[in-house]
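K.L.:
Take this structure, written in structure tokens, and hold onto it; I'll ask about it next.
Quick look at the structure:
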């Protein structure tokens with residue numbers, strides 16, 4: 169492993185000038201590349217909804233055309249669900265490395281639509297408190313992300329006449345719906361994806377001023393459960409005091425899912441869990457002080473598993489969370505109905521040692537045992553993903569760390585995340601491909617929420633970060 | 169009090185023939201009166217929604233015109249919210265009694281719209297298993313009800329040349345939204361409403377073959393509570409293990425609202441409650457056997473307060489029920505959001521001795537004490553109503569009982585209800601007006617639910633019941 173310290177060699181100087189030329193090109197082209205990005209954000213490529221199908225197709229073909237223009241052999245690869253865009257650089261490239269870049273062009277639904285104060289698919293630049301911001305679904309997660317490495321690769325080639333390495337670009341259209349076609353796709357394109365490293369650009373910064381590389385990702389199990397009473401909707405006044413109420417049953421089950429220590433009460437939930445190491449806890453506890461000081465998100469009123477800090481719980485401990493609940497009268501008006509059913513949407517975030525299918529089975533058993541006789545429960549949930557631990561000693565990670573530090577002036581935090589990126593497990597554990605996960609979004613971008621947004625400066629510095637990372641890799645390759 | 173047994177006098181024979189003539193007129197006019205009823209149901213007079221305003225206005229003016237045609241001095245009386253239709257018979261009438269008839273022309277919202285398999289506002293007669301049924305919001309609750317007494321009064325006058333008594337008709341447009349204007353209206357029209365009795369046609373039958381008169385109504389308090397986290401929507405993967413989750417807080421509070429004995433756990437909830445008398449319990453326990461045998465509704469999985477039968481709990485014990493719950497991802501799709509808020513809609517059904525405002529205050533205290541620091545709760549709810557106990561020895565009730573028995577072949581059950589009709593308390597306890605509450609709907613009509621329906625035969629027999637009740641009153645008046 170190459171140490172992550174800076175080097176001073178003749179080659180390095182030469183390559184630094186390539187880096188500098190590419191940075192200049194990024195700077196010069198900023199307004200034009202932001203304009204293209206806004207065009208991409210304006211395409212409503214919502215996955216997981218039939219209404220999003222047309223937007224998905226349009227975004228894929230838009231990206232395919234752009235990549236072809238830049239000098240890639242690109243194609244839209246259809247799947248049983250949403251297409252991938254798969255591109256490979258053509259012509260000469262420096263060194264003999266082959267780099268994979270991954271992003272996803274699909275976005276979350278915009279519900280609840282009425283909570284948006286900006287149009288979700290008509291972004292424009294607005295200046296707020298001196299920040300040039302743009303609002304839109306996917307502005308942060310993840311169109312700005314994928315556009316940052318595409319623009320960096322374009323700029324490098326424009327400035328230096330060739331790509332910095334052989335490049336493969338993989339853009340997914342199903343990330344926000346659990347990547348149903350991913351497994352089959354990777355299996356089929358195993359050869360085309362065989363690279364020295366995969367850069368996964370779908371994660372966040374540690375803070376607005378400090379970059380990060382994510383080396384530990386939780387697994388994910390989605391579950392939808394619906395409690396069904398033996399009757400359809402009834403008049404609450406007539407039967408409320410006697411007949412089964414699915415909201416009451418559901419609330420009771422949800423309330424029993426955590427114990428007083430903040431632990432998940434499902435039998436066997438923690439079986440096999442690989443706990444945090446002492447060195448990891450020490451490192452994360454040092455970060456915790458900084459985390460609590462970011463002020464982005466308040467943890468007031470939250471319940472953290474006994475014996476762990478917030479950061480340890482978020483990155484390294486398994487959890488169950490409630491994402492949605494629906495039943496009976498949704499308003500407006502005071503319809504006093506005793507509903508026939510009620511539904512909750514949950515996610516389980518898993519750590520190393522937990523199997524998604526075992527957790528699902530145990531959860532369903534837990535619930536089924538608590539549904540009163542005469543009532544029923546229906547479950548639904550897509551395939552889950554296990555947790556992923558990435559190597560922290562891979563030389564590409566070191567190069568990325570140096571590149572990020574050069575741009576942001578501070579070394580990146582090597583962090584965990586409670587978020588899941590199914591692809592990372594599939595590439596790393598499935599195809600044996602080293603992954604480096606980084607990105608530039610922030611929780612305060614309102615990702616997955618109404619009024620999602622991003623800003624021109626962060627896009628600019630993200631793109632510049634990629635140039636610096638590419639520069640480090642070229643140095644490594646020619647050193 | 170006149171005993172409820174039948175009488176045999178010369179006058180009675182005379183009046184029976186008037187009754188018979190009126191019944192014939194009802195029979196002969198059935199198809200035509202059902203056609204008019206379907207026209208009324210087709211008007212979307214939804215209260216509690218801005219979108220329903222036009223339908224409310226149209227239904228009020230439709231009814232006003234019809235009543236004018238039949239021979240009433242009718243007018244639409246505007247209020248701060250929805251108008252009343254107030255009509256008074258003109259011309260000669262038998263005897264010196266003055267009878268008030270009450271119904272409501274507003275209907276519940278049709279949400280969830282997608283659960284309807286029939287159009288909610290385009291009723292037509294469909295034959296199902298030999299039953300001529302019609303579907304539509306308000307088909308049962310309560311347009312068929314008010315139309316049954318209007319048609320009976322029309323038929324009596326057509327058949328016999330005069331109304332059977334002086335008649336006042338009061339049709340409300342706010343019943344389904346908690347009657348916000350009722351208090352002010354009654355106060356202002358106290359004189360116009362001064363009658364010997366008020367027939368409130370907004371209740372149900374004991375079973376499809378046995379009529380009932382409701383003499384005990386619960387009070388009602390609507391409450392909407394919204395739990396607010398200190399953050400807007402967040403990414404559940406990132407913050408689910410640490411930040412406050414309003415669905416989790418809400419579930420826990422709802423789950424704690426009842427104890428293991430099925431009692432409401434709010435401090436002081438049962439203070440002052442007047443419990444059932446032994447004679448009432450004995451009578452209701454005899455009915456319970458019949459109730460459990462109707463097969464209309466399954467009580468499997470329901471929780472009934474310890475020490476009471478289902479019927480006692482439904483009619484005579486205070487209760488808290490959950491009518492709606494909403495938060496975060498409502499689907500479709502697996503948006504794994506940690507929501508910023510979650511809302512529950514509840515109703516409290518009160519018995520004699522409980523004050524709506526005290527219950528509301530105690531509930532809000534109960535909830536507020538359980539909201540974790542850093543989170544907030546917002547409450548909302550219209551004015552509540554206290555429970556009402558009506559006299560069972562009022563001579564008009566006896567006349568109604570005889571009339572119902574004559575039509576259905578079985579004496580009516582004198583019953584309680586968990587449902588609230590704010591007007592009854594206002595007339596009975598507020599204006600000192602004796603009330604007789606009866607009606608012909610059934611829980612299986614899907615009242616307040618999708619695919620609400622009614623049938624031609626029940627409408628026919630309901631109308632005939634009114635003729636027989638009017639006949640009994642004329643006998644009484646001329647005896």
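Chains as they are written, first to last, in my numbering: chain A, 169 to 647; chain B, 169 to 647. We put the beta carbon where it would ideally sit given N, CA and C, even for glycine.
1) Check the Cβ of residue 381/B against every Cβ in chain A and list those closer than 9 angstroms, keeping chain order.
2) On the three-state DSSP scale, how would you describe residue 373/B?
3) Any chance you could list the beta strand (DSSP E) runs of at least 3 consecutive residues sitting entirely within the segment 591–632 of chain A, in chain order?
4) Going by Cα to Cα distance, which pick from 622/A, 197/A, 614/A, 586/A is closest to residue 389/A?
5) Hey, does residue 448/A have any beta-carbon neighbour from chain B nearer than 8 angstroms?
6) Throw me the rounded Cβ distance for the residue 381/A and residue 605/A pair, which I believe falls under 8 angstroms.
7) To the nearest angstrom, how far is it from the Cα of residue 339/A to the Cα of residue 347/A?
8) Helix, strand or coil: how does DSSP classify residue 578/A here?
9) Report the three-state DSSP secondary structure of residue 270/A (helix, strand or coil).
10) Three or more C-beta pairs closer than 8 angstroms, one from the segment 505–517 of chain B and one from the segment 392–405 of chain B: is that the case here?
11) Let's test the definition: count the other Cβ atoms within 10 Å of the Cβ of residue 643/A and tell me whether it reaches 16, buried, or not, exposed.
12) Using C-beta distances below 6 angstroms, list every residue in its chain close to residue 618/A, excluding the 5 sequence neighbours before and after it, in chain order.
13) Return the chain-ordered list of same chain residues with a C-beta closer than 8 angstroms to the C-beta of residue 601/B, the five sequence neighbours on each side being excluded.
14) Whole angstroms are fine: how far does the CA of residue 481/B sit from the CA of residue 404/A?
15) Do you know offhand how far residue 208/A's Cα is from residue 227/A's?
16) Who does residue 303/A pair with in a DSSP beta bridge?
17) Which ranges does the beta strand (DSSP E) cover as unbroken runs of at least 3 residues, wholly within the segment 383–456 of chain B, from first to last along the chain?
18) So, is the C-beta of residue 345/A closer than 8 angstroms to a C-beta in chain B?
19) Since residue 543/B meets chain A, which of its residues come closer than 8 angstroms, beta carbon to beta carbon?
20) So which residues of chain A does residue 386/B contact, with C-beta pairs closer than 8 angstroms?
21) Can you grab the Cα-Cα spacing for the pair residue 142/B / residue 329/B, in whole Å?
22) What are the residues that DSSP puts in a beta bridge with residue 368/B?
23) Residues of chain B with a CB under 8 angstroms from the CB of residue 217/A: which are they?
24) Does residue 279/B come within less than 8 angstroms of chain A when only Cβ atoms are used?
25) Three or more beta-carbon pairs under 8 angstroms between the segment 464–476 of chain A and the segment 473–480 of chain B, yes or no?
26) Within 10 angstroms of the Cβ of residue 461/A, are there 16 or more other Cβ atoms? Answer buried if so, exposed if not.
27) Could you tell me which residues DSSP puts in a beta bridge with residue 494/B?
28) Suppose you measure from the CA of residue 172/A to the CA of residue 633/A; what does that come to, to the nearest Å?
29) Of all the beta strand (DSSP E) runs that stay within the bounds of the segment 532–569 of chain A, which reach a length of 3 or more residues?
30) Hey, would you say residue 425/A sits closer than 8 angstroms to residue 488/A, going by beta carbons?
31) Closer than 8 angstroms, CB to CB, is residue 532/A near chain B or not?
32) Residue 588/A lies in the beta strand (DSSP E); which residues open and close that run?
33) Please confirm if residue 348/A has its CB atom under 8 angstroms from at least one CB of chain B.
34) Residue 547/B and residue 345/B: beta carbons closer than 8 angstroms?
35) Kindly list the residues whose CB is nearer than 6 angstroms to the CB of residue 216/B, restricted to its own chain and excluding five residues on each side of it in sequence; keep chain order.
36) Would you say residue 513/B and residue 497/A are within 8 angstroms of each other, going by their C-beta atoms?
P.N.:
On the basis of the data shown:
1) None at all; the shortest Cβ gap to chain A is about 16 angstroms.
2) coil
3) 603–606, 621–623
4) For residue 389/A, the nearest C-alpha among the options comes from 586/A.
5) no
6) 7 angstroms
7) Taking the straight line joining both Cα atoms gives about 12 angstroms.
8) coil
9) The answer is strand: DSSP assigns residue 270/A an E or B state.
10) yes
11) buried
12) 283, 284
13) 268, 361, 362, 363, 365, 366, 595
14) 13 angstroms
15) 7 angstroms
16) 621/A
17) 387–396
18) yes
19) 468, 469
20) Here the neighbours are 405.
21) With chain B running from 169 to 647 in the structure shown, residue 142/B is simply not present.
22) Paired residue(s): 270/B, 605/B.
23) 500, 501
24) yes
25) no
26) Its pLDDT being 42, under 50, residue 461/A is placed unreliably by the model, and the measurement read from it follows with that caveat. When all chains shown are included, residue 461/A counts as exposed.
27) 494/A, 511/B
28) Confidence in residue 172/A is poor, its pLDDT being 42 and thus under 50, which makes the residue's placement too unreliable to answer from.
29) DSSP runs (the beta strand (DSSP E)) wholly in the segment 532–569 of chain A: 544–548.
30) yes
31) no
32) Neither: residue 588/A is in no beta strand (DSSP E) and is coded neither H nor E.
33) Not closer than 8 angstroms to any Cβ of chain B, the Cβ of residue 348/A fails to qualify, so no.
34) no
35) 345
36) Contact flag set, yes.
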